[in-house]
Amino acid sequence: MSTVITPPPLPSVPTDKTVKANQADPPEVTLMQLTAIDEADSLGLPIPCRAFDPEVFFAETPADVEYAKSLCGTCPVKAACLTGALERREPWGVWGGELFVQGVVVARKRPRGRPRKTEVMA
243 MSTVITPPPL PSVPTDKTVK ANQADPPEVT LMQLTAIDEA DSLGLPIPCR AFDPEVFFAE
303 TPADVEYAKS LCGTCPVKAA CLTGALERRE PWGVWGGELF VQGVVVARKR PRGRPRKTEV
363 MA
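All residue numbers for the sequence shown refer to this note's numbering, where the first residue is 243 and numbers rise by one.
Right under this line is the structure:
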């Protein structure tokens, strides 16, 4: 009488496909955002981020950031832009008239360097 011994199953090793499937996919652009941009383009409405140098919206100085925020004030897709940036947690830049730093909206950009030790009277 012969006995067949089957070895225990080997532990599964994650493959690249398994690892990629387990990672969260980045959020995609929503239909609302595409529709808003297409409608604005078809109506001939100016979209500031397409009309101006993109570097303006990723400026370093506080004055330039405020300028970029002011450009967004007249943008026809401002709400869709801000909604998309919040969903994507944009790491930095001006989106929808708001300044993002590390994925969070902040009120204003601080200048470079150390803060003053004494208050400056304006």
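Don't be surprised by glycine CBs; every beta carbon is placed ideally from N, CA and C.
Sort the options by Cα distance to residue i and report the nearest one.
{"i": "A349", "options": "P290, F300, K311", "result": "K311"}
{"i": "P288", "options": "E297, A301, P333, V319", "result": "V319"}
{"i": "R354", "options": "G338, C317, E302", "result": "E302"}
{"i": "W337", "options": "K359, L285, P290, R356", "result": "P290"}
{"i": "E297", "options": "E361, C317, A321, L313", "result": "L313"}
{"i": "D295", "options": "Y309, A282, L285, S284", "result": "Y309"}
Verify the CB distance criterion: does residue i have a CB-CB separation below 8 Å to chain B?
{"i": "G335", "result": "Chain labels in this structure do not include chain B; a single protein chain is all it has."}
DSSP three-state call for residue i: helix, strand or coil?
{"i": "V319", "result": "coil"}
{"i": "T260", "result": "Because the pLDDT at T260 is just 49, under 50, the model does not fix this residue reliably, and the point stays unresolved."}
{"i": "E297", "result": "helix"}
{"i": "T325", "result": "helix"}
{"i": "R292", "result": "helix"}
{"i": "K359", "result": "coil"}
{"i": "P304", "result": "helix"}
{"i": "K351", "result": "coil"}
{"i": "L313", "result": "helix"}
In angstroms with no decimal places, state the Cα-to-Cα distance between residue i and residue j.
{"i": "A305", "j": "T325", "result": "24 Å"}
{"i": "K351", "j": "R292", "result": "23 Å"}
{"i": "Q344", "j": "I247", "result": "57 Å"}
{"i": "F300", "j": "P333", "result": "11 Å"}
{"i": "A278", "j": "A322", "result": "7 Å"}
{"i": "P357", "j": "V346", "result": "22 Å"}
{"i": "G215", "j": "K359", "result": "Residue 215 lies beyond the stretch modelled for the chain, which goes from 243 to 364, so this question has no answer here."}
Can you pull the DSSP bridge partners for residue i?
{"i": "V343", "result": "W334, V346"}
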